[in-house]
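These notes are about the structure you will find just below.
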Amino acid sequence: MIRTQGHWFKDETGRTLILRGVNLGGSTKVPFSPDGASYRREGFYENRSDVSFVGRPFPLEEADEHYARLKAWGFNFLRFLITWEAVEHAGPGIYDEAYLDYLYAVVKKAGEYGINLFIDPHQDVFSRFSGGDGAPAWVFDAVGMDVTKFAPTGAALLHQILGDAYPRMQWVTNDYKYAAATLNTLFFGGNDFAPQKMIEGIPAQDYLQSHYFNAVKQVVQRLKGLPNVVGYDTLNEPSCGYIGQADLCDTSGRIRVGYTPSGWQSFQMASGYPQKIKIYDRDVLGEHLIGEEVINAERASLWKEGFTCVWREAGVWEISASGEPELKRPDYFHAVRGKPVDFHRDYLMPFCRRYTEMVRSVDAEKIIFIEQMPGNPSPEVAPGELGELVYAGHWYDDMTLFLKSYIPFMNYDVLADRVILGEKNIRKTFARLLNSPKQDAIERMGNIPTIIGETGIPFDLNGKKAYRTGNFRTQEKAFNRTFTGLEDNLLSYTLWNYTADNTNARGDKWNNEDLSLFSRDQQKDPRDINSGGRAVRVFVRPFPIKTAGEPTRVEFNYRSGYFVYEFKGDPAVTQPTEIFFPKVHYPHGAVVTVSDGSFVIDADAQLLTYTAGDLSVHRIEIKAKR
């Protein structure tokens, strides 16, 4: 059993838990059948309602293999991905019962391996059809959009259309392009910003949220009773769309890479008016304007016959007497009834309250996990407002992620907007940056636990060199920076990600991302549980699973296997402390030194059990035998 107490996770005996695991899995963003890998153009539009996610994250017949591997790697907790599309792809209110049956079976199977999890209704930039994943295609139909016109109107950058020419890590720019930005605005704030927009006689915001809630409700109902389901995430990386934007003509304050339209330019392109758009590139020194390009020279409109731009209907812009678009209210999304809006306070938190009520109306004991877009402070939550709550913010080494390159002596501090030089400074910066979500959870959210819901590195660093040489030392060094920051802050985490069908050629099957800890292409010996793992010795790490007290220090050197753990004992806790003791690092055993008390090692179970003595602070030191 996992519960929360202050800013720690606890078990039923009062021991403090540190949760270690993965996101399962990367390819869950796309259909299993027909193969929805984002590089595939065929059937993308034609089969948009006739798909199946049965088999995501892996076929049920493969579940034992993958869960056994995850368990052997010490992962005791999963962020288990689903999507709205997986549940309700066929049409409004039509639920995929076969998928729900499969989901129950594959989640139940995880419990057989002692693996707990929380469900993540995943989305990126709203939907597959706006360049990411999440919502089904019929949502766009419901508001009057033609998804086949998103690419020519610049409303979305699509891997399915560009194929191998798809630029590195530019899917994130869809967040401010018209399709995703408009739907996110309607989803969270339609009642304020587009009150005229009705769907089947229902305000757009209410219609969209109610369908999302009801889709997730099918999952909660189906999984109720499974003891390894700890709780539910609200929505992956919820985006504000246009909400809060002070000037629709301004592009500052966002990731500018590739073609970068302003909101106003996006409105015009979506309605058939060509625009000259600035194009940016990014390198270690930041962003650079490299040119301009006319988008939508063909004057396509993404609106179906009988529909028009919702923002034109709302009075944000109009067609002038000369027949040209004219922006009337550049600050339209900045304030409502004269009061400046705050996305987290005014839109995200009301959504989270309704979502929490829905989940607990079905399964009252579930923990709710809440998050925001990376790089932003957490929402503010009053103590106890949502009952048992966990902050599941995300954190990435952005320079390594976006450049797909490891630079040993340099990194970037995104909060301070400055370059960091030197390994010691990088370690200090990562520790400080990873402390930020933990402090937010304590100070802004009512002293609740934090789990880093996503963190990871691309394994296709430096032009996929490791795939040719078999040498993953660069990945180990890059990844260890993140792990050190996590351990410095005693954080729980779920790594991004484990993709069962990852390949060296196509990565995680989504937008050229390749962050999976496992790939069949690295699996040389199927009899070896570690075969297929990438940089195994850096992500398989000893750690305190259950502590009879409060953790105060974790330190690990993945090269030598040296491990130190210190904690303050709690005399009220009678059960022993358990430490994951991985064979990867201790194949020949280890020399263990303890401050007091006694210990027992079960090498087969990869477990060190420590019973404390009379000291108030306890120390366990492990040195690998060579």
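Mapped onto this note's numbering, the consecutive letters of the sequence shown carry residue numbers 9 to 634.
Idealized CB from N, CA, C, for every residue including glycine.
All values reported here derive from a predicted model rather than from experimental measurement.
Beta-carbon spacing of residue i, residue j below 8 Å
i	j	result
LEU441	LEU429	no
ASN497	TYR566	no
SER60	PHE40	yes
ASP421	THR437	yes
PHE551	VAL562	yes
TYR240	ILE127	yes
TRP92	ALA143	yes
LYS576	SER606	no
TYR404	THR458	no
LEU25	GLY119	no
GLN204	ALA343	no
VAL237	LEU310	no
GLN131	PHE52	no
ALA474	TYR414	no
PHE526	ASN510	yes
ARG28	THR555	no
LEU166	GLN178	no
GLY34	THR490	no
HIS593	ARG634	no
ASP246	LEU356	It is worth fixing the name first, because residue 246 is Pro in this sequence and not Asp. Their beta carbons are under 8 Å apart, which means PRO246 touches LEU356 by this criterion.
ILE90	LEU68	no
ILE630	VAL600	yes
ARG264	TYR288	yes
VAL389	GLU484	no
ARG452	PRO385	yes
Residue i - DSSP class collapsed to helix/strand/coil
i	result
THR490	helix
TRP319	helix
SER477	Correcting the residue type first, residue 477 is Thr in the shown sequence and not Ser. It is helical.
ALA212	helix
LEU411	helix
ARG77	helix
HIS626	strand
LYS157	helix
GLU70	helix
TYR220	helix
MET277	helix
THR36	helix
GLU20	coil
ARG634	coil
ALA164	coil
MET9	coil
PRO333	strand
ASP132	strand
VAL228	helix
ARG426	strand
N- and C-terminal bounds of the beta strand (DSSP E) containing residue i
i	result
PHE88	85-90
LEU617	Before going further, note that residue 617 is Thr rather than Leu in the sequence given. Taken as a continuous stretch (DSSP letters only), the beta strand (DSSP E) holding THR617 covers 615-619.
GLY29	28-32
SER500	500-506
TRP7	Residue 7 lies beyond the residue range present for the chain, which begins at 9 and ends at 634; the question has no answer from this structure.
SER606	606-610
TYR240	237-241
ASP128	124-129
ILE456	That residue, ILE456, is in no beta strand (DSSP E); it is neither H nor E in DSSP.
TRP325	325-327
Residue i: first and last residue of the uninterrupted alpha helix (DSSP H) it sits in
i	result
TYR110	105-120
TYR420	Unbroken run through TYR420 is the beta strand (DSSP E), 418-421; no alpha helix (DSSP H).
ILE450	431-451
LEU523	Segment: none, LEU523 is in no alpha helix (DSSP H) and carries neither H nor E.
ILE169	167-170
TYR399	That residue, TYR399, is in no alpha helix (DSSP H); its beta strand (DSSP E) goes 397-399.
ALA188	186-201
CB contact below 8 Å: residue i versus chain B
i	result
TYR566	Included in the structure is just one protein chain, with no chain B present.
Quick one: which unbroken alpha helix (DSSP H) runs of 4-plus residues sit fully inside the segment 528-585? Chain order, please. For the segment 528-585, whole alpha helix (DSSP H) runs of length 4 or above, ordered along the chain, are 544-547.
Are at least three pairs of beta-carbons, each pair with one atom in the segment 274-286 and one in the segment 151-163, less than 8 Å apart? Here the segment 274-286 makes contact with the segment 151-163; the two share three or more CB pairs at distances below 8 Å.
Should the segment 60-73 be regarded as contacting the segment 11-19, the criterion being three or more beta carbon pairs within less than 8 Å? Contact between the segment 60-73 and the segment 11-19 is absent: fewer than 3 CB-CB pairs across the two stretches fall below 8 Å.
Assess contact between the segment 532-549 and the segment 184-193, defined as three or more Cβ pairs (one per stretch) separated by less than 8 Å. Is contact present? Inter-segment contact for the segment 532-549 and the segment 184-193 is absent: fewer than three beta-carbon pairs are separated by less than 8 Å.
Beta strand (DSSP E) runs wholly inside the segment 363-392, at least 3 long, in chain order: DSSP runs (the beta strand (DSSP E)) wholly in the segment 363-392: 375-378.
Count Cβ pairs between the segment 498-508 and the segment 461-469 that sit closer than 8 Å; are there 3 or more? Short answer: they touch.
Would you say the segment 354-365 touches the segment 216-232, given that touching needs at least three Cβ pairs under 8 Å? With the cut-off at 8 Å, the segment 354-365 and the segment 216-232 touch.
Are there three or more Cβ pairs, one per stretch, closer than 8 Å when the segment 77-88 is compared with the segment 170-183? Taking a contact to require three or more Cβ pairs closer than 8 Å, the segment 77-88 and the segment 170-183 do not qualify as touching.
Is the segment 209-217 close to the segment 334-352, with three or more CB pairs under 8 Å? No, they do not touch.
At what residue ranges does the segment 280-315 contain a whole run of the beta strand (DSSP E), taking only runs of 3 or more? Counting whole runs of 3 or more residues, the segment 280-315 contains the beta strand (DSSP E) stretches 283-291 and 294-303.
Touching by the beta-carbon criterion (3+ pairs, under 8 Å), the segment 254-268 and the segment 131-140: The segment 254-268, when compared against the segment 131-140, does not touch it at the 8 Å Cβ threshold.
For the 8 Å Cβ check, are there 3 or more pairs between the segment 572-586 and the segment 603-620? Yes, the segment 572-586 is in contact with the segment 603-620.
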